[in-house]
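This note's numbering puts the first residue of the sequence shown at 5, with every later residue one more than the last.
Working notes, structure below.
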Amino acid sequence: MSENNSVARMTHLTRLQGLLTQPLIPSPVINWILPARLRDTDHNDVAFIGERRIQIKEALPSGHLQDVVEKSDFEGALIGAKVINVSTELPWESQAQSGLAPPYYNDNLPPQLLFLATDSDELLFMYCSELGDGRFVSYSRPLPRDVNIADKYGKHIAVDPKSRAVAVSASRNFFGVLWLKYPGELQMQMAQGKLNPLEIFQQENFFQVDGDILFMEFLYPKDINDKRTILLLIVHRLGTTRSMVFEWDDASTISRVNPKITSTCLPHQDQLPSMVIPLAKESSYLLITTNSMAMYTPNCSSRPMRYPPIIPDAGSSEAGLWTRWARPSRNWIYSQRYDGIFLCQEKGWIYYLEFGNDGELETQTSLGQLHCDVDMAFDILDMGHEGGDFILAAGSQGDGGLFVQEARDHPRCVQRFVNWAPVLDAAVIPSNTSALFKDTPYDHDRLFVCSTSASGNGAITELRYGIEAQIGVSAALGELSSIRGMWAVSLGTSDSIYLLASDPLSSLLLHTTPDMRDGITALQNDAELEIQQTLAMDCTPSGVIVRVTEKVVHFFFPTAFHLSSCIQHDPLVFVTAAIVDGPSSTIIMTTRSEKGNFLHLLRIVVTEEGSASLSDHEAPYPLQKEPICIAYQNWGDLGSIFLGTSDGTVLSFEVYNETGGIRQHADTCISVAGTAQDMSKAIESLAVIKTLSDDRIHAFLFCGLRSGMLVPFEIDTNTTNVHGDPVFGFRFLKQRAPRHLGQTSINIKTHNKFAFFTCGDDFWRVSFAPDGNGFDYFLSRVWITDQNAPAYFPTKFSGFDLVDVRDKSSRTITTYMFCFADGQLLVCSLDQEAKAVPRRIDIPGNPSKLTYSDHLRCLIVSYSVAQVREMPLYLYRTACVEFVDPDTQSPLVSSNMNLVTQGLLPWRPHGVTGEKITCILDWMPYKDGNAYHLIAIGTSISLPHQPTTRQGRLMLIQASRDAIDPEKITCIDKHTQWFNDPVYAMTAYGDSLIIVSGKKFFTVSSRNSQTKWVRNITGVLPSPAVAITVQGGLIYVTTSRHSLLVYRIVNGDIVMHGSDPIARDGLSHNFLKANGFQSDLLFVSTRGGAIRMFTCLDQPGDLVPRPTANLPVSLIKLARGCKPPAALTTTKTFYGFGINGSVYRLLCLDAKEWHLLRLLLNICLRDEAICPSLARRHRYLDAISQVENSEHIDGNILARLASRDSKYLDEVLMACNKSQFKDLTPDTVHMFFEAVQDVLGVYNNHTQAVFSWLRGMLHIEI
């Protein structure tokens, strides 16, 4: 950026022209969980595969899964997933061929590949590699596209057990077999960071069958000498199901074109099976239906071996639906005799089946129930744990988890996979709204969704984004109640963690291990030390724990207690601030005495006998001001010391490490504009973080003020020596934009390349962009979660520290966070990357509608409770309404009508049997200058003995907080009105309500209402409404079958005004009022994932949407927030919620912003590294043309560019007219730089300015 030019924003406002969509929260639905070692043999990886993303997690020896890497740049949805073994044999071959290792076998290479099918007609093969630019190396194989939808390939995929071939099929009629290269050749490719797994010659064969393909699986060879490749298809046509077996001779290339085919008609009881399981013995397979289980072999398909159905639930007479199966890893001796199969039912019941060498079922064992819905993902994880199996399970409704199945015990959940889908409704608490019983406002929009569960108990989930810290252990610290400081160190050689907690009067030293196997132990310390506050602590490379107090320096030897010692300070000298830098064995402290304030630099010396002492090379350095805090950064030959004072001054010093000499630089005063004069500038804490980019160190200093301000500085280290050559050294500090985060002190600490800090009830992490731009620092919330209490969140932080522990076998680093909150010590495992961190409030039923009441400062939720009457198989539901504090940490308890009748619980609205709540409106009418609060509830009721006929009801409820106990809400029923049809939607118009019942409009108003309505309203809807909004004299209605319609209020009547001329299935809409430079806007979501923005709504006739965004998921709810990115001119943010749990952000763009982002997006679409699926020229040209026509900017693609650095964009712009970017001309590059100047102004480095702007726009804070 130029020295005399700050960020130049547009001074005039232009019309909105474009629409930016950005996925904020991905769908939590897990379709497959596949154990797959995709990095190397030492890392026990697991692939979690959702609709459009893959998460790689690593199974740690502690029995938990840790996030590793994520991939979400798929252009199509993932519809199939399998694992290909590259360097392993069949279980019974591993011992026989142990001496015959593949020619390129390498433990450092992945032994497995991920094999995927997408709905964009592609097969993907991939693994993780440290070579190259990306973590994933992939190979794409296009599939035939000239087929109709029913015949599209990818419905089923299969992998040969010996990794010789893969198969892919359509849902009917067609399938293909693709032959793989030999494992040795694949590993040679992996060693070079490449991948092309398919054979070059005769690599694929496509076949046609007649009928719907239900299942497709490769069968195991009969024995070690069997070289056949056997593929099984279960095909259904005209009420008949057939098994078709295709056999290829591995030694013959000709047989690939003409396989041997065996077709057998299955018996009636085996029609339409729910599962087909290939068995590892006799090339047989198990065919399972709800009422039968039969074992078939290719040679005896007409005479299956039948077994009785398994009925796990003793209280049920039906077997239920068996949905998933998995084969556990077993040793060679076991595999020689048995084939073990885990069988899982949709309700979570698990059985273990053992088949002998002849293929017969020998044992059948019930293992218990997982107590979760299992209809999607199920597999067994090999943890090398001899005492039991680790089960991975997930479903479409409710949570999944990692379960431990010990011998002769029921499964026990050790880690939950939270799933808040399917989402039925959502609510947004906008920022700048006063929180309940708090003095500070929300600084971010809060998103809540309600979801159902297969168990009948749903939840309200707050969707947060940030760094998750999951509590593993919590413990009280005795008499320590006001922690002022906390330090943690790890001694890797002894597998120990030492933690020191200190309050103003005492200190407590604790010991534990990473796995917490021995709990947390308090160590006996020197009595004098225990009654002193600790100022600093760290551990030297030799393993000595050094602590500094106001009066003493203490050396603690964990492995030799007798060597522990302490050095007393001068009785007339008091230590005011201190820091211990363990890696350099340095103590830096400031002291106060009668002679003034001094800075001391001391070295820790450990003698050959093992004792410790201090050495000071230089005399204490005099200070003009008394510091409060210290930060130190060691650069190698040099070091930097920063001192923070009470008047907001940063004192900077340079240290020559070899001699210990200290040189002071110019002082730096903090500048905080636009704040109150009485706001304190005292610096409570300091932290230095650094990043490495372009072979340069970029360093930054953060100052945490007592007033809740975070002030960053960029440390300029570009100096020159006496000869004018550039060298590393300290020059000065350059302040960047501060952030006001609260009203209490900020306690900040450095950890690796990040800084963490607390401010009041909030925990944050601060980081910089990878290219080290001083303007690109980002704040991410740290959310502490408790698996056993999903609604919990801690408050009142008073001390924390972090420590890294490296696992000896897998070399995986785990970060542990120790913090003191809510009167307890919390030990948490800290994630490295930001992600969705849900907080769940359990509901005693399945919720359906959710809204937020700004008047009551609470959520209003409707839910249904299922009850069984005395009559058999008779189930009925009762609809209930409850008020939920968004900050509650307890599950919602169902109202007991007996207690309500006795007056022990407040009355709550509820429906009659079979009544459903269809809409809730929080209404604040005004009359005679006074405001009144009402809650309007619309319902749908089934008439007795007429299940197809439904009526509607409107209930008006008056609710208020109790004057004595404000946490309680009381409500009374004010008005009830019945309608002939269900009430689908309602909205407020002044002191009246406009109701849509069936396809008709109705109005409800008080007797003295100022608005007068005609008795029979003219306007009639063509289909039921799903959303309705009134603005001015216009009524906007989104209908279930006819998209958007606009009606006008004329003389108390409602008449047609305009409409979308194309009938679409509407889902939701939201309105944005004109603000002086634009017309009113209306966002409308329809089925199929389309979002349309309508303008010029006051013009009669047909409405033309512009722009339009086509998303991969339909958004069932659009809601408006108040926290737009500061980088854009728009003043509002819209959120879109998908039924699959995903959340999108919708942002309006003015003409100049749209033009700049369109040019950036076009560059990304041309780039094969960012959009690999658009590598072919006609594909990216079509995508660019679609951007022009729709005026839609895909933020997901821009986020891939923002994850890189500005240097990458420079290289792309310089590569115009070259092979990779032959359509990127110099004129386009010139146009891009002009667009940058129009939006941002003049900069010295335009690409870096664009990256700063883009990152700020896409940064997520919810």
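We treat Cβ as the ideally placed atom computed from N, Cα and C, and that holds for glycine.
Just confirm the distance between the C-beta atoms of residue i and residue j, as a whole number of angstroms; I'd bet it's less than 8 Å.
i, j, result
"residue 194", "residue 131", "7 Å"
"residue 1096", "residue 1109", "4 Å"
"residue 945", "residue 954", "6 Å"
"residue 703", "residue 692", "6 Å"
"residue 1024", "residue 922", "Rounded, the Cβ-Cβ distance is 19 Å, inconsistent with contact."
Within 10 Å of its beta-carbon, does residue i have 16 or more other beta-carbons around it, so buried, or fewer, so exposed?
i, result
"residue 1259", "buried"
"residue 1212", "buried"
"residue 472", "buried"
"residue 663", "exposed"
"residue 339", "buried"
"residue 204", "exposed"
"residue 908", "exposed"
"residue 628", "exposed"
"residue 1062", "buried"
"residue 837", "exposed"
"residue 2", "Not covered by the structure: residue 2. The range shown for the chain is 5 to 1266."
"residue 552", "buried"
Distance, Cα to Cα, residue i vs residue j?
i, j, result
"residue 251", "residue 264", "5 Å"
"residue 752", "residue 759", "7 Å"
"residue 825", "residue 486", "10 Å"
"residue 502", "residue 539", "16 Å"
"residue 22", "residue 1018", "41 Å"
"residue 619", "residue 833", "38 Å"
"residue 1156", "residue 1139", "23 Å"
"residue 133", "residue 197", "7 Å"
"residue 865", "residue 457", "16 Å"
"residue 435", "residue 448", "5 Å"
"residue 116", "residue 76", "20 Å"
"residue 282", "residue 223", "5 Å"
"residue 1153", "residue 1113", "13 Å"
"residue 592", "residue 1254", "41 Å"
"residue 596", "residue 971", "50 Å"
"residue 943", "residue 884", "11 Å"
Do residue j and residue i count as a contact pair if the criterion is CB distance below 9 Å?
i, j, result
"residue 55", "residue 1116", "yes"
"residue 400", "residue 425", "yes"
"residue 139", "residue 73", "yes"
"residue 565", "residue 547", "no"
"residue 690", "residue 671", "no"
"residue 326", "residue 346", "no"
"residue 191", "residue 89", "no"
"residue 851", "residue 464", "yes"
"residue 70", "residue 835", "yes"
"residue 688", "residue 634", "no"
"residue 494", "residue 807", "yes"
"residue 1197", "residue 1158", "yes"
"residue 791", "residue 1068", "no"
Using a Cβ-based criterion (distance less than 8 Å to any ligand heavy atom), does residue i qualify as near the ligand ADP?
i, result
"residue 117", "Within the structure as shown, the ligand ADP is missing, as the structure has no ligands at all."
> Where in the stretch 1147-1185 do unbroken runs of the beta strand (DSSP E), each at least 3 residues long, occur, reported from the N-terminal end onward?
Replying inline: DSSP runs (the beta strand (DSSP E)) wholly in the stretch 1147-1185: 1147-1154.
>> So within the stretch 890-970, which uninterrupted beta strand (DSSP E) runs reach at least 3 residues, ignoring any that extend past its ends?
In response: Correct list: 919-927, 938-947 and 950-965.
>> Quick check for students: name the residue ranges of the beta strand (DSSP E) that lie wholly in the stretch 311-349, counting only runs of 3 or more.
In response: Segments of the beta strand (DSSP E) lying fully in the stretch 311-349: 326-330 and 343-349.
> Going along the chain, which unbroken runs of the beta strand (DSSP E) with 3 or more residues stay wholly within the stretch 17-70?
Replying inline: The stretch 17-70 contains these whole beta strand (DSSP E) runs: 20-29, 36-39, 49-53 and 58-63.
>> Threshold first: 3 residues or longer. Then list the beta strand (DSSP E) segments lying entirely within the stretch 1032-1095, N to C.
In response: Secondary structure within the stretch 1032-1095: the beta strand (DSSP E) runs of 3 or more consecutive residues, fully enclosed, are 1038-1043, 1048-1054, 1057-1063, 1070-1076 and 1085-1090 (chain order).
> Which parts of the stretch 633-693 are runs of the beta strand (DSSP E), unbroken and 3 residues or longer, counting only runs that do not cross its ends?
Replying inline: Within the stretch 633-693, complete beta strand (DSSP E) segments of at least 3 residues are found at 642-649, 653-660 and 665-668, given in chain order.
> At which residue ranges does the stretch 226-265 contain complete beta strand (DSSP E) runs of 3 or more residues, listed in the order of the chain?
Replying inline: Qualifying beta strand (DSSP E) stretches, in chain order: 232-241 and 244-253.
>> Give the list of continuous alpha helix (DSSP H) stretches no shorter than 4 residues that lie fully inside the stretch 1222-1261.
In response: Counting whole runs of 4 or more residues, the stretch 1222-1261 contains the alpha helix (DSSP H) stretches 1230-1244.
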